[in-house]
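Chemist:
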Amino acid sequence: MSKKTGMADWFIKQIQRLAKIEKAITTNELTSEQAHTYRNEHAPDVINKIKAKLDELQDKTAPQGLLGKAINYTLSQWPKLLKYLKDGRLDISNNKMERAIKPFAVGRKNWLFANSTNGAHAAANIFSLIETCKAHQVDPYDWLRNTLTKIPACETLEQYEKLMPFNFKNIAADK
């Protein structure tokens, strides 16, 4: 069996190195501060190698070819990628969000038949809040039940913000 040594394989190996860093963060259940420190100790060398290779290939690749388009796209998104190094709460991958929105993508055709634009907006808002609950490990039913009883008393934006799913644990503790 021959070993692959092409350019794609080199990039895959670098991405695997980044994935190992992320797996260590998850396996060791690092806090966001610890994740930030760990990433900045281990990932920059890999990131810099990838960037250098992309820069090198950009000069040698036809911009309208598939590879050229991929390289140019990656370089245009580079500043966004680097943000995950600045905040330990961020993930290098958007896989969690892709999985979270999958039910909406699957149901999209069904939602074309919403009776009104307002109904469609209301459904989108509710689904967004439910997915926010899931992203913050909050039970959507508990959050909705608690929040719907407190909304009538809200008068300021700050009071409404305190009811958001990512603040729910604080609300539950205030009972």
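By the working numbering, the letter at position 67 of the sequence shown is numbered 1233, and the numbering carries on one by one without gaps.
We put the beta carbon where it would ideally sit given N, CA and C, even for glycine.
#1: What is the C-beta distance between residue 1201 and residue 1254, in whole angstroms, given that I count them as a contact (C-beta under 8 Å)?
#2: Using the three-state DSSP reduction, which class does residue 1199 fall into: helix, strand or coil?
#3: Restricting to Cα atoms, I'd like to know which of 1197, 1322, 1239 is closest to residue 1221.
#4: Our contact map puts residue 1246 next to residue 1256 with C-beta atoms below 8 Å; I'd like the distance itself, whole angstroms only.
#5: For the alpha helix (DSSP H) that residue 1284 lies in, which residues bound it at each end?
#6: For the alpha helix (DSSP H) containing residue 1189, list its first residue and its last residue.
#7: Kindly indicate which residue of 1260, 1317, 1331 has the alpha-carbon position closest to the one of residue 1325.
Modeler: Reading off the structure:
#1: About 4 Å; that satisfies the 8 Å criterion.
#2: Note: residue 1199 maps to helix in three-state DSSP.
#3: Checking every option, the nearest Cα to that of residue 1221 belongs to 1239.
#4: Not a contact, Cβ separation roughly 10 Å.
#5: The continuous alpha helix (DSSP H) containing residue 1284 extends over residues 1283-1301.
#6: From DSSP, the alpha helix (DSSP H) with residue 1189 extends over 1173-1193.
#7: When C-alpha distances from residue 1325 are compared across 1260, 1317, 1331, the shortest belongs to 1317.
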